[in-house]
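Written out below as structure tokens is the structure these notes cover.
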Ligand code: ADP
Ligand code: ZN
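In the working numbering, the protein residues as written are 2 to 732.
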């Protein structure tokens, strides 16, 4: 991209970037009247026409007579230089081809279609002659979404029926086509409506953030404070200041389920609803938001990570709420971390970033510690719960019975709460079957000799395997540590297995399982959670989804079934995630008027992470964790990239991975190290074998160019793939 040129005269060559899977821009002749760089255009490509963005002057190094012309300049606001720069930097950082990143920025159906030509369907009073189940689903969907307009193709795909079902209903007059209604404008938000009267700590925080926003320069602030400490009230003051400055603000939330409540708060604070952007927004809604963000009418966007790629006219502030949340990392397509890309986006447009969390990521903690980020701590608590009493249940002293995962003290505590008409939450962060082999007599777990990793039982192959390095061992019949022959066991309860135990122990209690893999729509899940919050269950069994933001006012006891889970995996973020998760889950127990209690089952009550969870000394935890990462050269004190090699068949996939491994010299010569290949944690996904490698390098190393050289020499056959994951969440 050439930042100096802004306009191309007619007859000149333009390099146009499209979203087609090509690894480069294509040259076209500029039509009459010339074209702005950044303009959205329609260009011929083979027999088709595709949308693209004028990315810069064309190269013009081939036969001009063969070059075709731009077919049309679309009536859309041009993509700003900041945005083009952002797209390029994201592509370079994530090592993704530009078109894939451009797709993130233009993922709006019908973008560029002339207004008024879009047809939507309306339900009439006519009933279909015959009610097939497909037809019934269409009608039920439209009734449920009354007042919303869907294009025919959109409706078919949302309901999951073929377009002939829709056509059939149209033919009978049950549905009619009409012109899409004009988009309602975004109404102005009023930053000067009174907010809550802030407490002293909040006020100081707000002053600091307002000042930062007024600077119109880039800067990042870590805003730390337990849930209920008033972080949201504080950062809404920063949003208010941003609106006063006439710039746009973006609030990123980690989960759609949390947006509803948040939108209501924004409306209460600023008098109007913000723009919403996430997978639950309709196509028409997306077009409206995209256009509103581009023309500046949408002053505040609340959304998921992809809202970073909206065409802001002038972005002045990005809030990343629950910044530690792993779901900010997009795990397919372009593998980017929205928290990090928010910082990049802000640095390009002179904007401020606020990272809010009760349990910050080590990355952000370290950046604040190093003075790269400002840090504000909120220590008082508002309205919400007082921190629960936390205690460990030492499972060595209270051993579990076979095929049971609740200790007696925990079971008694649950019985007490249920008898008192209160709720208990049992937290087990395990959905599937993921066994672990250990000795119940001494607590030893069978680990790999070469890695800091548990050996995982593979029943089919009848051995234990290390998922880090691929080493195997026979299944031990006695404990390798204490020699006891009688207590080797495979532990691996998922929440469903735990539910069986709970049902057997508490036959009269109402038990609810909340797990993200439940076959439920987001809507149904939300309704279910609301019912449970009102008291429809006595015992809630949940995975990490219960840790996020849902309030259960009747909940007074949290039982963590297995605090050791995830601690020993040798995973990069094992300690950090465990600390964050258990602290957050424990924080669900108790409100101001009902003191809560958290009981944490563990085989290792003296483990530094468990002690840190119980002791409340967070800084000590971060320092210890930082020191151990530093020793290991792990992020954020070293660079890391994951490589997933995948293919339809096991032998060849491993072979491809070994070809990469054979070129490790390129990495080691540059100062990096390579580990693997080994089966990926999920070794088979959608019928494909996945093998992984890991690359580690020192902090100062520019990892991407080295990786590019390394990978470029290996050409995967069709249907085999090498995917690079810069800054992987886990390995
Ligand atoms: P956090 O974002 O840290 O979880 P919130 O900003 O959501 O905290 O505040 C928690 C609760 O306390 C909310 O119900 C909020 O309305 C209330 N609250 C926060 N600050 C104040 C304040 N200064 N005065 C009154 N209520 C407040
Ligand atoms: Zn190993």
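A virtual CB, placed ideally from N, CA and C, is assigned to each residue, including glycine.
Model, not experiment: these values are computed from the prediction.
Is residue 210 near the ligand ADP, in the sense that its beta carbon is under 8 Å from a heavy atom of that ligand?
No, since every heavy atom of the ligand ADP falls outside the 8 Å radius drawn around the Cβ of residue 210.
So does residue 234 have its beta carbon nearer than 8 Å to some heavy atom of the ligand ADP?
At least one heavy atom of the ligand ADP is nearer than 8 Å to the Cβ of residue 234, so yes.
If distances are taken between C-alpha atoms only, which option among 293, 502 and 171 comes closest to residue 109?
Ranking the options by Cα distance to residue 109, first place goes to 293.
Can you tell me whether residue 183 is buried or exposed, with buried defined as 16 or more other CB within 10 angstroms of its CB?
Classification for residue 183: exposed.
For a test of the three-state rule: what should DSSP assign to residue 788, helix, strand or coil?
There is no way to answer for residue 788, as the model of the chain reaches only from 2 to 732.
Between residue 13 and the ligand ADP, is there a pair consisting of the residue's CB and a ligand heavy atom that are separated by less than 8 Å?
Flag unset: Cβ of residue 13 not near the ligand ADP.
Under the three-state reduction of DSSP, which class applies to residue 29: helix, strand or coil?
If DSSP states are grouped into helix, strand and coil, residue 29 belongs with the strands.
Suppose the cutoff is 7 Å on Cβ atoms and the five residues either side in sequence are ignored; what does the same chain contact list for residue 26 look like?
So the qualifying residues of the chain are 16, 17, 18 and 56.
Taking the beta carbon of residue 449 as the centre, do at least 16 other beta carbons fall within 10 Å, making it buried, or is it exposed?
The residue in question, residue 449, is buried, as its Cβ has 16 or more Cβ neighbours within 10 Å.
Classify residue 600 as helix, strand or coil using the three-state DSSP reduction.
Three-state DSSP puts residue 600 in a strand.
Which word fits residue 1, buried or exposed, when buried means at least 16 other C-beta atoms lie within 10 angstroms of its C-beta?
There is simply no residue 1 to check, as the chain begins at 2 and stops at 732 in what is shown.
Buried or exposed: where does residue 179 fall if 16 or more other Cβ atoms within 10 Å of its Cβ makes it buried?
Classification for residue 179: exposed.
Excluding sequence positions up to five away, which residues of its chain have a Cβ less than 7 Å from the Cβ of residue 103?
Excluding residues within five positions, the ones whose Cβ falls inside 7 Å are 18, 20, 54 and 88.
In or out: residue 338 buried (at least 16 other Cβ within 10 Å) or exposed?
Buried.
Have a look at residue 409 and residue 554 and give me their C-alpha separation to the nearest angstrom.
Their Cα atoms are separated by approximately 26 Å.
Contact check, residue 318 vs residue 602 under 8 Å by CB: the rounded distance?
Not quite, the Cβ-Cβ distance comes to about 42 Å (not below 8 Å), so this is no contact.
Could you have a look at residue 481 and say whether DSSP puts it in helix, strand or coil?
Residue 481 falls in the coil class under three-state DSSP.
Does the Cβ of residue 203 lie closer than 8 Å to at least one heavy atom of the ligand ADP?
Residue 203 Cβ: within cutoff of the ligand ADP.
Looking at residue 31 and residue 13, is the spacing between their C-beta atoms short of 9 Å?
The answer is yes: Cβ separation under 9 Å.
When the Cα of residue 773 is compared with those of 135, 250 and 50, which residue comes out closest?
With the chain covering only 2 through 732, there is no way to say anything about residue 773.
Counting only the same chain and skipping the five closest in sequence on each side, list residues whose C-beta sits under 6 Å from that of residue 316.
So the qualifying residues of the chain are 249, 350 and 352.
Determine the DSSP secondary structure at residue 60, reduced to helix, strand or coil.
The answer is coil: DSSP assigns residue 60 none of H, G, I, E or B.
What ranges does the beta strand (DSSP E) occupy inside the segment 506-586, keeping only unbroken runs of at least 3 residues that lie completely in it?
Listed in chain order, the complete beta strand (DSSP E) runs (minimum 3 residues) inside the segment 506-586 are 512-515, 540-543 and 556-561.
What's the call for residue 391, buried or exposed, on a 16-neighbour Cβ count within 10 Å?
So residue 391 ends up on the buried side.
Considering only residues of the same chain and omitting the five flanking positions on each side of residue 247, which have a CB-CB separation below 7 Å?
Closer than 7 Å at the Cβ level, and outside the excluded window around residue 247, lies no residue.
Which runs of the alpha helix (DSSP H) fall wholly inside the segment 405-433 and span at least 4 residues, in chain order?
Fully enclosed alpha helix (DSSP H) runs of 4 or longer: 409-420.
Roughly how many angstroms lie between the CA atoms of residue 272 and residue 196, to the nearest whole one?
Residue 272 and residue 196: Cα-Cα distance of roughly 11 Å.
Given that a residue counts as buried once 16 or more other Cβ atoms are within 10 Å of its Cβ, and exposed if not, what is residue 361?
Looking at its Cβ environment, which holds 16 or more other Cβ atoms inside 10 Å, residue 361 is buried.
Whose C-beta lies closer than 7 Å to the C-beta of residue 520 among residues of the same chain, with five residues either side of it excluded?
With a pLDDT of 45 at residue 520, under the threshold of 50, the modelled position of this residue cannot be trusted, and the question is left open.
I'd like the list of long-range same chain contacts for residue 599, defined as Cβ closer than 6 Å, with 5 residues on each side in sequence excluded.
Answer for residue 599: 389, 391, 559, 587 and 590, listed in chain order.
Check whether the segment 709-719 touches the segment 657-671, counting contact only when three or more Cβ pairs, one atom from each stretch, lie closer than 8 Å.
At 8 Å Cβ cutoff, the stretches touch.
If you reduce the DSSP assignment to three classes, tell me which class residue 96 lands in.
Of the three classes helix, strand and coil, the one that applies to residue 96 here is coil, per DSSP.
Ends of the alpha helix (DSSP H) at residue 144?
Segment 134-145, the alpha helix (DSSP H) holding residue 144.
State the Cα-Cα distance for the pair residue 211 and residue 238, rounded to the nearest angstrom.
Each residue's Cα considered, the two are about 7 Å apart.
Which residue from 202, 282, 342 and 662 puts its Cα closest to that of residue 155?
The shortest Cα separation from residue 155 among 202, 282, 342 and 662 belongs to 282.
Compute the beta-carbon to beta-carbon distance between residue 229 and residue 382, rounded to the nearest angstrom, for a pair I have assumed lies under 8 Å.
The pair is a contact, with the Cβ atoms about 5 Å apart (cut-off 8 Å).
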